[in-house]
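**Student:** In the numbering used here, the protein residues as written are 321 to 840.
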Ligand code: XMP
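(1) Under three-state DSSP, which class holds residue 665?
(2) DSSP has residue 329 in a bridge; who is on the other side?
(3) Compute the Euclidean distance between the alpha carbons of residue 381 and residue 337, then round it to the nearest angstrom.
(4) Since residue 813 contacts residue 787 with CB under 8 Å, what's their CB separation in whole angstroms?
(5) According to DSSP, is residue 440 part of a helix, a strand, or is it coil?
(6) Enumerate in chain order the residues of its own chain whose CB-to-CB distance from residue 652 is below 8 Å, with the five nearest sequence positions on each side excluded.
(7) Can you tell me whether residue 896 is helix, strand or coil according to DSSP?
(8) Pop quiz: residue 716 and residue 762 are said to be a contact at Cβ under 8 Å. What is the actual Cβ separation, rounded to whole angstroms?
(9) Please identify the residue among 712, 713, 385, 402 whose C-alpha is closest to the C-alpha of residue 515.
(10) Rounded to whole angstroms, what's the CA-CA distance from residue 664 to residue 705? Just pull it up for me.
(11) Rank 824, 799, 817 by C-alpha distance to the C-alpha of residue 830 and give the top, closest one.
(12) CB residue 517 to CB residue 496, shorter than 8 Å?
(13) Can residue 356 and residue 330 be called in contact, C-beta distance under 8 Å?
(14) Please classify residue 781 as buried or exposed, where buried requires at least 16 neighbouring CB atoms within 10 angstroms.
(15) Can you determine whether any heavy atom of ligand 1 sits closer than 7 Å to the C-beta of residue 838, and answer yes or no?
(16) Give me the Cβ distance between residue 412 and residue 376, rounded to the nearest whole Å; I'm assuming they're in contact under 8 Å.
(17) Classify residue 640 as helix, strand or coil using the three-state DSSP reduction.
(18) Could you name the residues of the same chain whose beta carbon sits closer than 6 Å to that of residue 332, not counting the 5 residues immediately before and after it, in chain order?
(19) Using a Cβ distance threshold of 8 Å, determine whether the segment 732 to 748 contacts the segment 555 to 566, with at least three qualifying pairs required.
(20) Alpha helix (DSSP H) containing residue 544: first to last residue?
(21) Determine the extent of the beta strand (DSSP E) in which residue 692 is found, giving its start and end residues.
(22) Comparing the CB of residue 719 with every heavy atom of ligand 1, is any distance shorter than 7 Å?
(23) Would you check if the distance between the CB atom of residue 685 and the CB atom of residue 629 is smaller than 8 Å?
(24) From residue 370 to residue 396, what does the alpha carbon distance come to, in whole angstroms?
(25) Short check: CB of residue 493 to CB of residue 428, under 8 Å?
(26) By the 10 Å Cβ neighbour count, where 16 or more other Cβ atoms means buried, how is residue 802 classified, buried or exposed?
(27) Tell me whether residue 560 sits in a helix, a strand or coil according to DSSP, three-state version.
(28) Excluding the 5 residues preceding and the 5 following residue 276 in the sequence, name in chain order all residues of the same chain whose CB lies nearer than 7 Å to its CB.
(29) Does DSSP put residue 500 in a helix, in a strand, or in coil?
(30) On the criterion of 16 or more Cβ atoms from any shown chain inside 10 Å, does residue 327 qualify as buried, or is it exposed?
(31) Determine which residues share a DSSP beta bridge with residue 686 and list them.
(32) Can you check whether the CB of residue 452 is closer than 8 Å to the CB of residue 434?
(33) Can you tell me whether residue 666 is buried or exposed? The criterion is at least 16 other CB atoms within 10 Å of its CB, across all chains shown.
(34) Looking only at C-alpha atoms, which of 364, 378, 722, 741 sits nearest to residue 552?
(35) With respect to 7 Å, is the separation between the Cβ of residue 832 and the closest non-hydrogen atom of ligand 1 below this value?
(36) For residue 727 and residue 585, what's the separation of their Cα atoms in angstroms?
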């Protein structure tokens, strides 16, 4: 659990697909919250966490199931407001003396309209101003009798107990999901709940920055810290924050594996060394990586070679710092949340993601992870707060294995050169058309195939490339970006004219799933 001085809200997770969205909505209201799985929350945890309010999430289970997930009983005697959502509502009724009925195979799923019933209490302020509210339902079982003290404040044709509350005890229970996009007035619902609970909205980036700096100083003392800098937003923000806290006790290691984009190494090194005045080791290891990748064409082999070498190189250079006790990482909150698995089975490895996992144990280092409580957009906000240039903060994500996974098949220096140039033209086009910020990620992949073309009066036999551009919220799912035909035509012409070695350009219109964002 995190040691913090903000007002705190606890979300007890029962495994809903959308629990993270509750946290997002609350953070947008400047309310600090943490998600913890139900099986990790007991009476002692609750007393220690000392939340100002508790939310019981939805979940796929049934209160009738053997070993149905339940919160500790003390949730209802803490004396703080409690909100139950969907399965959370059923749990509340089950625990407090109401009745839940099995769905008998009839589930309600999707859009529904809730109408007001009875009085309009403060927790529904701003609701029902136009007669009814659109909400999003997703449940099998349903509540059939309320627990003592509860009243109904909203109903829908299929959910007579859509909105219920015991105003005396500050218990609120709803059948629908206020956190999803399809409940358009959901943010207002959470705002009412948190204001009633006494939250003042004290979770701001300014406050976070100060607190994080204090915590880093407490944790690190006068020891040395090393940080692997990739040039991506997360590690950059972490480095700048830590540098602000402990100055030159921090040394960054930037590994150039020869798989970076045009001008990228210079840009990153210049910014951190010259602008931020940070001690920075620029490890030029291009020969080592490209040598090891020579002749390799299997995607997983390529990834493993790069991941393994990265650790070796990082370790070698970190050793030069001498006596470092800590390793800084840009780990984010979504990586930390322990999700509740009801399937229990291991998930299939689609790709071996490249990171410095395993390093801390191997090198006997402790971790400094100042972004562990933040979502990606909060990291960007913190970056702005720390004065990082907007152009840097808004950069598209770039994968650890770099251009290697955008060069299907064998990697050669010739192909990498061509790819860098084509990618630079493509990104330039996107920026010129004002589309960069609308797109989650855009890049060129060079294909392992040569095709015949004609330029001027001559025959060409050059590489084909694929342009990729996607929209996404978190990289887990993605849609291809709907460029205009004019844009695509103009970009293809520019690439073929300006980049020697490419004579054919295609546009990848695969979404994820079934595709992945990168080509390997
Ligand atoms: P995929 O290709 O799996 O990518 O749909 C999803 C997002 O993750 C990035 N990506 C990586 N990032 N190390 C990283 O740091 C990796 O090994 C890696 N592989 C993919 C990818 O660029 C996209 O944003």
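For glycine and all other residues, C-beta sits at the position ideal for the given N, C-alpha and C.
**Tutor:** Per the coordinate set shown:
(1) Per-residue confidence for residue 665 stands at a pLDDT of 43, beneath the threshold of 50, marking its modelled position as unreliable; the derived number appears in the next sentence. Three-state result, residue 665: coil.
(2) Bridge partners of residue 329: 353, 373.
(3) Each residue's alpha carbon lies about 12 Å from the other.
(4) In fact, because the Cβ distance is near 13 Å, the residues do not count as touching under 8 Å.
(5) Annotated three-state conformation of residue 440 is coil, per DSSP.
(6) Excluding the 5 residues flanking it on each side, residue 652 has same chain C-beta neighbours closer than 8 Å at 554, 691, 692, 694, 695, 696, 699, in chain order.
(7) Only positions 321 to 840 of the chain appear in this structure, which leaves residue 896 out of reach.
(8) Taking C-beta atoms under 8 Å as the contact rule, residue 716 and residue 762 qualify, at a distance of about 6 Å.
(9) Nearest option by C-alpha distance: 402.
(10) A caution first: residue 664 carries a pLDDT of 39, below 50, which makes its placement in the model unreliable, though a value can still be read off. Cα to Cα, residue 664 sits roughly 41 Å from residue 705.
(11) Closest by alpha carbon: 799.
(12) For residue 517 and residue 496, no; Cβs fall outside 8 Å.
(13) In contact: residue 356 and residue 330 (Cβ atoms closer than 8 Å).
(14) Flag for residue 781 reads exposed.
(15) Yes, the beta carbon of residue 838 sits closer than 7 Å to at least one heavy atom of ligand 1.
(16) About 7 Å separates the two Cβ atoms, so the contact holds.
(17) DSSP places residue 640 in helix when its eight states are reduced to three.
(18) 358, 361, 376, 391, listed in sequence order.
(19) Touching, no, given that fewer than three Cβ pairs across the two stretches are closer than 8 Å.
(20) No alpha helix (DSSP H) holds residue 544; the beta strand (DSSP E) holding it covers 544 to 548.
(21) Looking at the DSSP string, residue 692 is not in any beta strand (DSSP E), and its letter there is neither H nor E.
(22) For ligand 1, at least one heavy atom lies less than 7 Å from the Cβ of residue 719.
(23) Not in contact: residue 685 and residue 629 (Cβ atoms no closer than 8 Å).
(24) Rounded to the nearest angstrom, the two C-alpha atoms are 13 Å apart.
(25) Taking 8 Å as the Cβ cut-off, residue 493 and residue 428 do not qualify as a contacting pair.
(26) Counting every other CB atom within 10 Å of its CB across the protein chains shown gives residue 802 a total below 16, marking it as exposed.
(27) Residue 560 falls in the helix class under three-state DSSP.
(28) The chain is shown only over 321 to 840; residue 276 falls outside these bounds and no answer can be derived.
(29) Three-state result, residue 500: coil.
(30) Using a 10 angstroms sphere on the CB of residue 327, the tally of other CB atoms reaches 16 or more, which defines it as buried.
(31) Partner(s): 646.
(32) Yes, Cβ-Cβ distance for residue 434 and residue 452 is below 8 Å.
(33) The predicted model places residue 666 with a pLDDT of 44, which falls under 50 and marks its position as unreliable, so this point remains unresolved.
(34) Here the closest residue by C-alpha is 722.
(35) In terms of side-chain proximity, the C-beta atom of residue 832 is found nearer than 7 Å to a non-hydrogen atom of ligand 1.
(36) Cα to Cα, the separation comes out at about 19 Å.
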